[in-house]
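For the sequence shown, the working numbering begins at 142 and goes up steadily by one. Positions of the beta carbon are idealized from the N, C-alpha and C atoms, including for glycine. If you're wondering where the values come from, they're calculated on a predicted model, not measured in any experiment. What follows is a short report on a single structure.
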Amino acid sequence: MPTKIFIAFTIVVLLFGAVLFFNVSRLGQQFDATNIVNRSLVPVRLWLSEAESELRQLSLEVTKDGGVPGAETLRGLVETVLPRIEVRVAQSGRVLSQVAASVPELRPRSVLTGLESRLGGLASRTGQLRTELINLANFFETDAPPNEIAAAHTTLVALLNQTKAQVGSLSRQSTAVVGGALVWAGEQQRRNALYIVLTTAGAMSLALVVMWWTALTLRPLTKLSESVRKLQGGAYETVDVTARNEIGHLASEFNQMVIALRHGQEALQNAHRQAIEAERMATIGRMTSQITHELRNPLSSIALNIELIQEELRADSGTSPEIFEGLSAMMREIDQLTGITAEYLEFARLPQLDPDLEDLNALVFSLLDFHGPDIAQQGVRVKTDLEPSLPPLLLDGAQLRRAILNLIRNGVEAMPEGGELVVRTRIDDGWGVIEVVDSGQGLTADAKEQIFNPFFTTKPRGTGLGLPMTKQIVAQHGGEVHVREGTAGGCVFEVRLPISNA
């Protein structure tokens, strides 16, 4: 990409240089042409005017007083006036040839070609004038007959008149040439101005395109710098860059780094939460184990003493039945407390996993088959929707049975007046999923937040340890458990177990 940008700017610089060179060259040509017009064509017009004046003087001298000038006068004209006319004509012809060669595009804009050819004819005519003047002078010197002198004089006058007319026409034509040249110079100036505007506009347009392309190419760098600043602030945002160049490759590498950092941060946070949760659960487990241990022995002693009292009272026929009923109620409560302490102890001393490949569908089916009659007695219908393509998973069957059984019991207890319990399995993006759906009253938002906390319960006689135990077992399998509201009411408990562990 740096090479492309360098090449683009090099092209722009070269283009501006070419435009500058072209425009300077055009202006130089225009200056040279205008200079030639001013220094060459204008003097030609002046020279032809001077030649016309000299011819008038020559004509006056030849026709002075209506007679024929003498030989001395004629030779003086040949030596003085006529050479000036010849010089002006020769200069004009030479300059016009130079102008035609120097500014060839001036030819179609004027009558240069015709003027050049006519000047050539004028040069030959001045030669004839010289011949006629010399002949007339010779006639005087040789005492030629008067009629021959008169005829020669008439011929000279006629030639002079023709030459004057031709010079006058050439003078007017030269004026037209100068006017045409000035018009051409004006057109060249306007054309050059248009060239300058167009070439400059084209170069600027290309420069703007290159600047736009460069800004567009470098724009992802701005996004990258913003993302880097956000990354420093803890925002793991990727960059949306589709360019297929070095910047696009850099953005792709940056996005991979951000994703890796995000995953690492999430893993660190999860590990931190799990460590805190594990420490919390361990603390609760130790406390629960200690409390359970402190309660079990007194409860056992109380139960034993009540049994002894019952045996002694049975020997006394006068004992009131109400006493036996009170003792029986005490024994039931002690049994209830003993069950609770056993559940506490079970939660505090979850065994280590003994994983093996297990068919999750078969595990669910065996659970429902065994507990189905009890569930049916409570007025709950069981419906299954098991994914047949679910592969075997690496898990501890006994532990996971306890976890799923807790969810099933929780769902049944949520429907005291009966309802429908749905148990389904499915595959979701590398996870094996178990869902237990009830049609009960559902949970409040606060209850959903605390439902997996130890000792939290929504039941009058619940211990609040079943769902935390389920969460702990699932977490030991590397999975997750969540609760959400069902589409038709009730709750959906979802257990996700990694298939990759299999």
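{"Query": "Taking only three categories from DSSP, how would you classify Ala214?", "Result": "A small correction: the amino acid at residue 214 is Thr; Ala does not occupy that position in the sequence shown. The answer is helix: DSSP assigns Thr214 an H, G or I state."}
{"Query": "Hey, out of Leu445, Val622, Thr304, whose CA is closest to Asp476's CA?", "Result": "Leu445"}
{"Query": "Can you name the start and end residues of the beta strand (DSSP E) that Leu638 belongs to?", "Result": "632-639"}
{"Query": "Return the Cβ separation of Val622 and Val615 in integer angstroms, given the expectation that the two are a contact with Cβ distance under 8 angstroms.", "Result": "5 angstroms"}
{"Query": "Taking the beta carbon of Ala342 as the centre, do at least 16 other beta carbons fall within 10 Å, making it buried, or is it exposed?", "Result": "exposed"}
{"Query": "CA-CA distance, Glu273 and Asn302?", "Result": "13 angstroms"}
{"Query": "Under the DSSP definition of a beta bridge, which residues are partnered with Val574?", "Result": "Arg567, Arg637"}
{"Query": "Using three-state DSSP, classify Glu378 as helix, strand or coil.", "Result": "coil"}
{"Query": "Where do the N-terminal and C-terminal ends of the alpha helix (DSSP H) with His512 fall, by residue?", "Result": "501-518"}
{"Query": "Should Asp579 go down as buried or exposed, given a rule of 16 or more other Cβ atoms within 10 Å for buried?", "Result": "buried"}
{"Query": "In the structure shown, what three-state DSSP assignment does Asp497 receive?", "Result": "strand"}
{"Query": "Spatial neighbours of Lys305 within its chain, please: C-beta separation below 6 angstroms, excluding the five flanking residues on both sides.", "Result": "Leu196"}
{"Query": "Reducing DSSP to helix, strand and coil, say where Leu300 ends up.", "Result": "helix"}
{"Query": "Considering just the uninterrupted stretch of the alpha helix (DSSP H) at Leu622, what are its terminal residues?", "Result": "In the sequence on display, residue 622 carries Val and not Leu. Segment 621-626 is the beta strand (DSSP E) holding Val622; no alpha helix (DSSP H) there."}
{"Query": "For the beta strand (DSSP E) holding Asp526, just list the boundary residues, first then last.", "Result": "521-526"}
{"Query": "Using beta carbons (cut-off 8 angstroms, strictly below), is Leu199 in contact with chain D?", "Result": "Within the model displayed, chain D is absent; a lone protein chain is all it includes."}
{"Query": "Helix, strand or coil for Leu449? Go by DSSP, reduced to three states.", "Result": "helix"}
{"Query": "Can at least three beta-carbon pairs, one atom from the stretch 525-533 and one from the stretch 496-509, be found at a separation below 8 angstroms?", "Result": "yes"}
{"Query": "Indicate the three-state DSSP secondary structure (helix, strand or coil) for Gly560 in the structure shown.", "Result": "strand"}
{"Query": "Does the stretch 550-562 come into contact with the stretch 510-520, if we say contact requires no fewer than three beta-carbon pairs (one atom in each stretch) closer than 8 angstroms?", "Result": "yes"}
{"Query": "Three-state secondary structure (DSSP) at Ile152?", "Result": "helix"}
{"Query": "Out of Leu300, Leu297, Gln307, state which residue places its alpha-carbon closest to the alpha-carbon of Leu263.", "Result": "Gln307"}
{"Query": "Can you have a look at Phe593 and say buried or exposed, based on whether 16 or more other CB atoms are within 10 angstroms of its CB?", "Result": "buried"}
{"Query": "Are at least three pairs of beta-carbons, each pair with one atom in the stretch 313-328 and one in the stretch 191-205, less than 8 angstroms apart?", "Result": "no"}
{"Query": "Which one of Val230, Leu297, Val228, Val183 has the shortest CA to CA distance from Leu215?", "Result": "Leu297"}
{"Query": "Just to confirm, are Gly607 and Phe596 a CB contact at a threshold of 8 angstroms?", "Result": "no"}
{"Query": "With distances taken Cα to Cα, identify the nearest neighbour of Gln493 among Ala285, Gln613, His512.", "Result": "Gln613"}
{"Query": "Output the distance between the C-alpha atoms of Ala278 and Arg332, rounded to the nearest integer angstrom.", "Result": "58 angstroms"}
{"Query": "Please return the same chain residues whose Cβ sits closer than 8 angstroms to the Cβ of Glu193, not counting the five positions on each side in sequence.", "Result": "Lys305, Val308, Gly309, Ser312"}
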